[in-house]
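*Asks:*
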Amino acid sequence: MSSETAKPKVATIWLDGCSGCHMSLLDTDERLVDLVNAVDVIYSPIVDPKQFPEDVTVTLVEGAVSSEHDREMALIIRKNSKLVVSLGDCAVTGNVPAMRNAFKTTELLDRAYKENAAHNAKHPTVGLSPLIEKAQPLHAVIDVDLFLPGCPPPADAIFTLITDILAGRETQVTELTRFGR
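Residue numbering for the sequence shown follows my numbering, starting at 1 and increasing by one per position.
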């Protein structure tokens with residue numbers, strides 16, 4: 001019986017973000033095949049598990065923490081992941097989701113669901129996790145091991161980061177994430 005080394009378990013998730021970082025990950029094009037062959041993708045928007053798994057090697061987290069659900073997921077991710085990567089400006093700084101921080105959550109909900117509604121002007125009662133008062137970067141809620149800024153980070157930077165992690169190398173992606181690259 002052969003003893004194969006288990007592949008690293010990789011998870012990706014987006015919290016309050018636009019999925020642009022995941023689109024940039026897909027922009028690694030044919031290199032994505034090499035990555036997928038080197039790891040077990042056990043949780044992502046394109047995988048259908050209902051619960052975040054345990055014993056994850058690395059989790060790439062896109063998006064800010066803006067709701068109670070986001071906060072709960074962040075805590076679960078940290079508990080179940082060896083390495084957590086804050087992927088993209090929303091996760092790193094709060095970015096666009098944090099633009100709402102100048103307003104109270106009740107003002108936001110009233111504007112979205114009452115003031116702009118032609119019919120049935122009321123807050124939704126199902127399907128919307130309660131918003132936390134201020135959208136926050138991921139590191140404000142959990143410890144983060146690596147930060148990859150960008151809106152979105154370039155595909156080359158994401159690829160380099162992942163391959164460096166898999167090879168056990170200290171990553172140097174800052175040259176790949178400068179504005180205008």
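Glycine is no exception: its CB is placed at the ideal position from the N, C-alpha and C atoms.
So the candidates are Glu-62, Pro-49 and Val-141; which of them puts its Cα closest to the Cα of Arg-71?
*Replies:* The option with the nearest alpha carbon to Arg-71 is Val-141.
*Asks:* Less than 8 Å between the CB atoms is what I'm expecting for Ala-74 and Leu-138, so what's the real figure, rounded?
*Replies:* Indeed they touch by this definition, with Cβ atoms about 6 Å apart.
*Asks:* Helix, strand or coil: which one does DSSP assign to Ala-91?
*Replies:* Correct three-state label for Ala-91: helix.
*Asks:* Work out the CA separation of Ser-24 and Leu-32 for me, nearest whole Å.
*Replies:* Their backbone Cα atoms lie some 11 Å apart in a straight line.
*Asks:* Identify whether Thr-160 lies in helix, strand or coil by the three-state DSSP scheme.
*Replies:* Looking at Thr-160 - three-state DSSP - the assignment turns out to be helix.
*Asks:* Rounded to a whole number of angstroms, what is the C-alpha to C-alpha distance between Ala-155 and Asp-29?
*Replies:* If I take the Cα positions, the gap works out to 9 Å.
*Asks:* Which word fits Ile-46, buried or exposed, when buried means at least 16 other C-beta atoms lie within 10 angstroms of its C-beta?
*Replies:* It counts as exposed.
*Asks:* At what residues does the alpha helix (DSSP H) containing Glu-107 begin and finish?
*Replies:* Unbroken alpha helix (DSSP H) run through Glu-107: 105 to 110.
*Asks:* Going along the chain, which residues of its own chain have a beta-carbon closer than 6 Å to the beta-carbon of Lys-9, five neighbours each way excluded?
*Replies:* For Lys-9, where only same-chain residues beyond five positions count, the Cβ hits under 6 Å are Asp-40, Ile-42, Val-56 and Thr-57.
*Asks:* With distances taken between CB atoms, is the gap from Pro-149 to Val-92 smaller than 8 Å?
*Replies:* Contact: yes.
*Asks:* Among Phe-159, Lys-134 and Glu-170, which residue has its Cα nearest to the Cα of Ser-66?
*Replies:* For Ser-66, the nearest C-alpha among the options comes from Lys-134.
*Asks:* Quick check on DSSP: helix, strand or coil for Lys-50?
*Replies:* Correct three-state label for Lys-50: coil.
*Asks:* Using the Cβ count rule (16 or more neighbours within 10 Å means buried), how would you classify Asp-16?
*Replies:* With 16 or more Cβ atoms within 10 Å of its Cβ, Asp-16 is classed as buried.
*Asks:* Going by beta carbon distance, what residues of the same chain come within less than 8 Å of Tyr-113, once the five residues before and after it are set aside?
*Replies:* Taken in chain order, the residues that qualify are Ala-121, Lys-122, His-123 and Pro-124.
*Asks:* Compute the Euclidean distance between the alpha carbons of Asn-101 and Thr-59, then round it to the nearest angstrom.
*Replies:* Distance between the alpha carbons of Asn-101 and Thr-59: 27 Å.
*Asks:* Going by DSSP in three states, Ser-44 sits in which element: helix, strand or coil?
*Replies:* Three-state result, Ser-44: coil.
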